[in-house]
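Working notes for the structure below.
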Amino acid sequence: MSNRMMITGAGSGLGRELALRWAREDWRLALSDVNDAGLAETLRLVREAGGDGFTLRCDVRDYSQLTALAQACEEKFGGIDIIINNAGVASGGFFAELSLEDWDWQLAINLMGVVKGCKAFLPLLERSRGRIVNIASMAALMQGPGMSNYNVAKAGVVALSESLLAELKPAHVGVHVVCPSFFQTNLLDSFRGPTPAMKAQVGKLLESSPITAEFIADYIFKAVAAGEFMILPHEQGRQAWALKQKNPQLLYDEMTLMCEKMRAKAAGQREAKTS
1 MSNRMMITGA
11 GSGLGRELAL
21 RWAREDWRLA
31 LSDVNDAGLA
41 ETLRLVREAG
51 GDGFTLRCDV
61 RDYSQLTALA
71 QACEEKFGGI
81 DIIINNAGVA
91 SGGFFAELSL
101 EDWDWQLAIN
111 LMGVVKGCKA
121 FLPLLERSRG
131 RIVNIASMAA
141 LMQGPGMSNY
151 NVAKAGVVAL
161 SESLLAELKP
171 AHVGVHVVCP
181 SFFQTNLLDS
191 FRGPTPAMKA
201 QVGKLLESSP
211 ITAEFIADYI
221 FKAVAAGEFM
231 ILPHEQGRQA
241 WALKQKNPQL
251 LYDEMTLMCE
261 KMRAKAAGQR
271 EAKTS
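Here the UniProt record's numbering is used: position 135 in the sequence shown is 135, and no number is missing along the way.
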């Protein structure tokens, strides 16, 4: 019976909404996160929505925890049909201010966490001819200023997905990559960056987004069913991507301007503090 799904980062935000979207179609869900309380709440909501499943705490930086999760799916569900590598953290700061630890943390979770998720579950997916859904970001395609480590990690997720799309086709394993723009989420709870001003700025972007995680989850559900590879849930994101493909220089100029504004604003806030 093919209706078995695994989601990382399922304890809140988009991960929870994805769980609920598939739960409404009677799917059985393997839910993982580092937040135990959030996971328990997601499972409760999943059962209310008509789905079922189990939770297992999992830090995607630890490959052994992901293989244990795959093992649990094998034991409880007899396999898996779709995995959603959704766990992620936000961070920002200009390159000169970011420490190498900031880079290591970002890449370990947002890029290597996805690599490890794909690796741990591939044997099960090959058996079921399943699908991989990797959650990247518009940052992977647009590379906004003041978040180079996030941009690089998410661009890596797109490159990984493109590689797997070609490599896994003979094994009949489908691959999808999702690049949402900013949306209302609690991603900032995990935000790490050298400047509080940067966190406030990203927070404003998130709040100004009229699009909810619930909308994104529904969009992903439909796009996966339709077999789309590159899933861009936001109209503005689709427009920006089309522009970059046609005239990249225009976008680079725009990003440079945005960067100048961000620097001026950060300098203004520093002056205000010291005066």
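Backbone N, C-alpha and C fix where the C-beta goes; we use that ideal spot for every residue, glycine too.
In this text the structure is predicted, and so the values were computed from the model without any measurement.
What number of angstroms, rounded off, separates the C-alpha of residue i from the C-alpha of residue j?
| i | j | result |
| --- | --- | --- |
| S32 | Q143 | 29 angstroms |
| residue 322 | G113 | This structure cannot speak to residue 322, because the chain is shown only from 1 to 275. |
| A166 | V157 | 15 angstroms |
| A225 | F215 | 16 angstroms |
| T8 | N85 | 5 angstroms |
| F191 | G51 | Confidence at F191 is low in this model, with a pLDDT of 45, below 50, so its placement is unreliable and no value can be given for it. |
| P233 | C259 | 25 angstroms |
| G268 | I135 | 35 angstroms |
| N247 | S275 | 43 angstroms |
| S128 | V34 | 27 angstroms |
| S161 | V115 | 9 angstroms |
| E235 | A223 | 14 angstroms |
| A264 | E271 | 11 angstroms |
| Q249 | L243 | 10 angstroms |
| N151 | L168 | 25 angstroms |
| N3 | A171 | 19 angstroms |
| E228 | F95 | 34 angstroms |
| Q245 | F54 | 42 angstroms |
Measuring CB to CB, does residue i end up less than 9 angstroms from residue j?
| i | j | result |
| --- | --- | --- |
| A49 | R28 | no |
| D36 | R61 | no |
| Q64 | N149 | A small correction: the amino acid at residue 64 is Ser; Gln does not occupy that position in the sequence shown. No; because the gap between Cβ atoms is not below 9 angstroms, this pair is not in contact. |
| M138 | C73 | no |
| S13 | L39 | Note that residue 13 is Gly in the sequence shown here, rather than Ser. No, these two residues do not count as a Cβ contact at 9 angstroms. |
| V177 | M230 | yes |
| R131 | I83 | yes |
| D218 | R16 | no |
| S181 | G237 | yes |
| residue 277 | I80 | An answer regarding residue 277 cannot be provided, because it is not within the stretch 1 to 275 covered by the chain. |
| A153 | L98 | no |
| A140 | I109 | no |
| M5 | L69 | no |
| V133 | I220 | yes |
| M262 | G146 | yes |
| L111 | V173 | no |
| L257 | A240 | no |
| G93 | D104 | no |
How is residue i classed by DSSP in three states: helix, strand or coil?
| i | result |
| --- | --- |
| A40 | helix |
| V173 | coil |
| D253 | helix |
| D218 | helix |
| S32 | strand |
| L168 | coil |
| G9 | coil |
| G53 | strand |
| R4 | strand |
| S190 | Low local confidence applies: a pLDDT of 45 at S190 is under 50, so the model's placement there is unreliable, with the coordinate-based value given in what follows. It is helical. |
| V224 | helix |
| C46 | Checking the sequence shown, residue 46 turns out to be Val, not Cys. Note: V46 maps to helix in three-state DSSP. |
| L206 | Reliability fails at L206, whose pLDDT of 46 lies under 50, so the model's placement of it is uncertain and no value is given. |
**Request:** Taking only runs that begin and end inside the region 88 to 158, name each unbroken beta strand (DSSP E) of 3 or more residues, in chain order.
**Result:** 131 to 135
**Given 8 angstroms, three or more beta-carbon pairs between the region 117 to 131 and the region 39 to 50** = no
**Asked** What runs of the alpha helix (DSSP H), each 4 residues or longer, lie entirely inside the region 59 to 88?
**Response** 63 to 77
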